[in-house]
Structure formats: C-alpha cells, structure tokens
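Asks:
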Amino acid sequence: MDKKIRVLLAKPGLDGHDRGIKVIAAALRDAGMEVIYTGLRQTPQMIVDAAIQEDVDAIGVSILSGAHMTLFPAILDVLKEKNASDIILFGGGIIPDDDKAELEKMGVAKVFTPGAPTEEAISFLRDAMKSKKSDENIM
Amino acid sequence: MKNKYGAKNPKSWLLRFHTQTAGCSLTAQQPENNIVRTAIQALSGVLGGTQSLHTNSMDETLALPSEKAALIALRTQQVIAYETGVANTVDPLGGSYFVEAMTDKMEAEAEKYFDEIDKRGGVLQCIEDGFFQKELARSAYQHQMELEKKERVIVGVNDFILEDEKIDIPVLKIDKNVERDQSAFCKKIKAERDNDKVKETLAMLRDAAKSDGNTFEAMMECARAYVSVGEMCDVLREEWGEYSETQAAMSAS
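Here the protein sequences line up with chains E and D, keeping their order. Those letters in the first sequence? Residues 2 to 140, by our numbering. Those letters in the second sequence? Residues 62 to 314, by our numbering.
1) Of all Cβ atoms in chain E, is any one closer than 7 Å to the Cβ of threonine 99 of chain D?
2) When the cut-off is 7 Å and only beta carbons count, does threonine 122 of chain D lie next to chain E?
3) Straight-line CA distance for threonine 99 of chain D to threonine 82 of chain D?
4) Below 8 Å on the Cβ atoms is my guess for isoleucine 22 of chain E versus alanine 52 of chain E; work out the distance and round it to an integer in Å.
5) Counting only Cβ pairs nearer than 9 Å, list the residues of chain E close to glutamine 112 of chain D.
6) Taking Cβ-Cβ distances shorter than 7 Å, what residues in chain E pair up with glutamine 205 of chain D?
7) At least one CB of chain E closer than 7 Å to the CB of leucine 263 of chain D: is that the case?
8) Thinking C-alpha only, which one of E/Leu10, E/Asp58 and E/Gln46 is nearest isoleucine 37 of chain E?
9) Among all the DSSP beta bridges, which residues are the ones paired with leucine 315 of chain D?
10) For a contact meaning CB atoms closer than 9 Å, what does isoleucine 95 of chain E contact in chain D?
11) Please compile the residues from chain E whose C-beta is within a distance smaller than 9 Å of the C-beta of alanine 198 of chain D.
12) Does the Cβ of glutamine 43 of chain E have 16 or more other Cβ atoms within 10 Å, making it buried, or fewer, making it exposed?
13) Scan the stretch 188-243 of chain D and note each continuous alpha helix (DSSP H) run of 4 residues or more that stays entirely inside, going in chain order.
14) Fully enclosed by the stretch 11-68 of chain E, which alpha helix (DSSP H) runs are 4 residues long or longer?
15) Return yes when the Cβ of alanine 89 of chain D is within less than 7 Å of the Cβ of proline 115 of chain E, no when it is not.
16) Over what stretch of residues does the beta strand (DSSP E) that includes threonine 80 of chain D continue unbroken?
17) Does the distance from the C-beta atom of alanine 28 of chain E to that of threonine 119 of chain E stay below 7 Å?
18) Report the neighbours of isoleucine 235 of chain D on chain E: residues whose CB is nearer than 8 Å to its CB, in chain order.
19) Roughly how many angstroms lie between the CA atoms of serine 157 of chain D and methionine 163 of chain D, to the nearest whole one?
20) May I ask you to report which of helix, strand or coil DSSP gives lysine 111 of chain E?
21) Can you name, in chain order, every residue of its own chain whose Cβ lies under 7 Å from the Cβ of asparagine 94 of chain D, other than the five neighbours on each side?
22) Under the rule that 16 or more other beta-carbon atoms within 10 Å means buried, what is threonine 116 of chain D, buried or exposed?
23) For valine 97 of chain D and serine 66 of chain E, I'd like the C-alpha separation in whole angstroms.
24) For tyrosine 202 of chain D, count the other beta carbons within 10 Å of its own beta carbon; 16 or more makes it buried, fewer makes it exposed. Which is it?
25) Which chain E residues sit within Cβ distance under 7 Å of alanine 201 of chain D?
26) I want to verify the contact list: residues of chain E whose CB lies under 7 Å from the CB of serine 305 of chain D, in sequence order.
27) Just to confirm before moving on: does the CB-CB distance between valine 109 of chain E and phenylalanine 73 of chain E stay below 7 Å?
28) From the DSSP output, in three-state form, read off glycine 84 of chain D for me.
29) Kindly say whether leucine 85 of chain D, judged by its beta-carbon, lies nearer than 7 Å to any beta-carbon of chain E.
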C-alpha cells in the first residue's frame, strides 16, 4: 500500500479565522491523509521547522488577514534557506485573483479561494504527490 | 445570573447583546448577493431585539472591505432602522406561533449545551479541552459536506451559477507603504512619549494581572501614556501565558 500523504496545516500571522482550515483538515483526514495542525499565530520559521520535524509532504496555509503577499513569500524563502523546497506549499483564503496568479508564479503550488470544494484540495494533493514521486524516480 | 451566580446588581440580570451578521455565509461568487444575505440576517437580529449590530460588507470574501462596500453595509442598517418600521416595536414577532415555537426549541437546545458544559467541568475546563472549538469545527465541516452533497443550496455557489462568471466589483488593495508609514509612526511615538510614565503604567498593569485587580483600568492608564497594545499584551502574556489550541481540538467530528 502507498505511504499516507502527510500534510501540515498552519495559520500564519495574526489571523484568527480558523473555520476554513479546520474544514480542510477534516476533509483531508477523511480522505486518508495524515494531518498535523499547528494552531494560530505561527511565524514562517515555526511553520517550516514543524514541517521538517514532522517530515511532511506538503504545507497548507490559510490566510484571511490580507497579509498573503508577505507571508507566502516568507515561507518560500525559509523553505529554500533550509533546503526543504521539495515540500509542496499550497494555501487558501481571502486572496484576490491577481495576487493568486502572482503567488502561483512565485512557487506556491496552488491557491484555493472561497467556494472551492474540498474535493479540489484532495485531488490537488494526490496529483502533486504522484508527479513528485515520478520526478524522484527519474532522479 | 441572579439565581445561579448570585449577581446582585440588577444591571447584571439584563441580557444585552450584540449581533454580527455571519461572515461564513458570504460567498465569493456573485458577491452582490451578499448584500441581500446580510440584510436578511441583520433584520433577524433586529427582530430578535439586538441592542448592537454589525453588518458585514459584501466583499469580505474577496479582500478587506472597500469604502463603498462598508458604506452599503451601514446603509443596510439605516434602511432597516428608518424605512421598515421594525424598530418601532419592542418585539415585532411576539405571539407568532411559529417563531415562539422555534425560540422554545432553541432555548431547549441551549439548555442541553449548558448541562453538557456543567458535566464537562465548566466553561474553563471546556476551553482547556478544546470542547467548544471541536463543536464549532464539527458543525463547519458538516455544513461544508451538506453544501458539497447539495443537501443545502447556496445561491451562486452550488446552484444558480452562470457560465463564465466574472466578479466586477472593486476590490480594495492595500498600499505597501502603509506598513512602512505605520512602523515609522510607532517609532516616532515611542521616542517622543514620557517613557517613565510608560514603565509606571505597565507596572500597574502587571500588578493588576498578578492580583485580582482591574486590568481594564490599568490598560486605560497605559493607553493615556501612549503604551502600545503590543506592549500591554507582552505584559499580560508574561504573567498569564498564551492560549494554544490543543491537538484534542483538532480531532473533530
């Protein structure tokens, strides 16, 4: 049997809106993934440290504070700094379309916006893991 | 309050409440519909006798509210207050069989929760154990699943969708200079204020936090001395520690 997909979910910055991330946590778990949730008010450093410690395949962050253009790049930078850029970074929240495009160009694998069905996040992670594995096999 | 907790001040016996319309009911799709949702929710708040009301802006699923969206949210309250007449009567729905029956049902369900909370050792214990968070997460997940299975219709999200919809309301962009300006402003204030007074009022706050004193009074003094909210919270964090959600709260549903 395939190894379970391990995902770290985190709320960075001063943003207490945690309804969405908990729905995602429950949905990923029900889809058979292992989910670790950091809780509120995490710094990019804390999130990446936790992701490395927990040896996860992906990090999902939820940002509804408007600070996404600061926090996503900061997490990407720390990932790079720690040689952990193989961890997939995805996220969601109140993110305007223009910013979403820019974030995905920067290296955020996928940004989900309000109304996205949980099934989308589940299949995104499954597909991303499949292509990650085939990359590794080639190497 | 009187019978269970022995409150002596008659003011403490009153139920005064604030209502905020439901952020989680707003949709990013067809965002103008959110004005209608918010109006109906605000009206229910007023019909229920709320003393204070906040109406959400239609664009809160897209960004921080624009000036215009915030103004419409205010106008929604004003239409309810000045044009509908519902505020002329204390309890406009009093005596409606259906509404009274729903109120009784809600009361009974609330009583069940109160019993459950008592059984679990009270409110503080429930916070420690993540009981409330778990209940909230469970109901949010259930809501989402109903929506995805289409057992619950959300207009513009899982039904009544138009092909190739484009959002054409203005979305607020925050200027990147805001952060720089605010940070410069804070530095200026901190350099110019009376820093002895700052130490003094923060010490007051610490004493109040350590004892059973009134922290609010001390915070007012801090504010008068231009102590920042962050500096006040640092003191409270040092004395009381910080809430961190237990993993228990995550094992929802």
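For glycine and all other residues, C-beta sits at the position ideal for the given N, C-alpha and C.
Replies: This is what the structure holds:
1) With 7 Å as the cut-off, threonine 99 of chain D does not count as an interface residue toward chain E.
2) For threonine 122 of chain D, the nearest CB of chain E lies under 7 Å from its own CB, placing it at the interface with that chain.
3) Near 6 Å, if we compare the C-alpha coordinates of threonine 82 of chain D and threonine 99 of chain D.
4) That pair is no contact at about 15 Å.
5) Close partners of glutamine 112 of chain D in chain E (Cβ separation under 9 Å) are lacking, with about 24 Å as the shortest Cβ gap.
6) Correct list: Val24 and Thr119.
7) Answer no: the Cβ-Cβ gap between leucine 263 of chain D and chain E never drops below 7 Å.
8) Out of E/Leu10, E/Asp58 and E/Gln46, E/Leu10 has the C-alpha closest to the C-alpha of isoleucine 37 of chain E.
9) Here chain D has residues from 62 to 314 only, and residue 315 of chain D is not among them.
10) Those within 9 Å of isoleucine 95 of chain E in chain D are Ala89, Glu121, Thr122, Leu123, Ala124 and Leu125.
11) Think of a sphere of 9 Å around the beta carbon of alanine 198 of chain D: the chain E residues whose beta carbon falls inside it are Asp19, Arg20, Lys23, Val24, Ala26 and Ala27, in chain order.
12) The Cβ neighbour count for glutamine 43 of chain E, taken over all protein chains shown within 10 Å, is at least 16; the residue is labelled buried.
13) Listed in chain order, they are 192-209.
14) Correct list: 20-31 and 45-54.
15) Between proline 115 of chain E and alanine 89 of chain D, the gap from beta carbon to beta carbon is short of 7 Å.
16) Taken as a continuous stretch (DSSP letters only), the beta strand (DSSP E) holding threonine 80 of chain D covers 79-81.
17) Yes, these two residues count as a Cβ contact at 7 Å.
18) Residues of chain E passing the Cβ test: Gly67.
19) Counting only the Cα atoms, methionine 163 of chain D lies some 10 Å from serine 157 of chain D.
20) Strand.
21) Cβ neighbours of asparagine 94 of chain D beyond the five flanking positions: Thr88, Val216 and Gly217.
22) Flag for threonine 116 of chain D reads buried.
23) Rounded to the nearest angstrom, the two C-alpha atoms are 24 Å apart.
24) So tyrosine 202 of chain D ends up on the buried side.
25) In chain order: Arg20, Lys23 and Val24.
26) Going along chain E in sequence order, the residues near serine 305 of chain D (Cβ under 7 Å) are Gly40.
27) Cβ distance < 7 Å, so valine 109 of chain E and phenylalanine 73 of chain E count as in contact.
28) Of the three classes helix, strand and coil, the one that applies to glycine 84 of chain D here is helix, per DSSP.
29) As written in the sequence, residue 85 of chain D is cysteine, which differs from the leucine given in the question. Judged by the 7 Å Cβ criterion, cysteine 85 of chain D is in contact with chain E.
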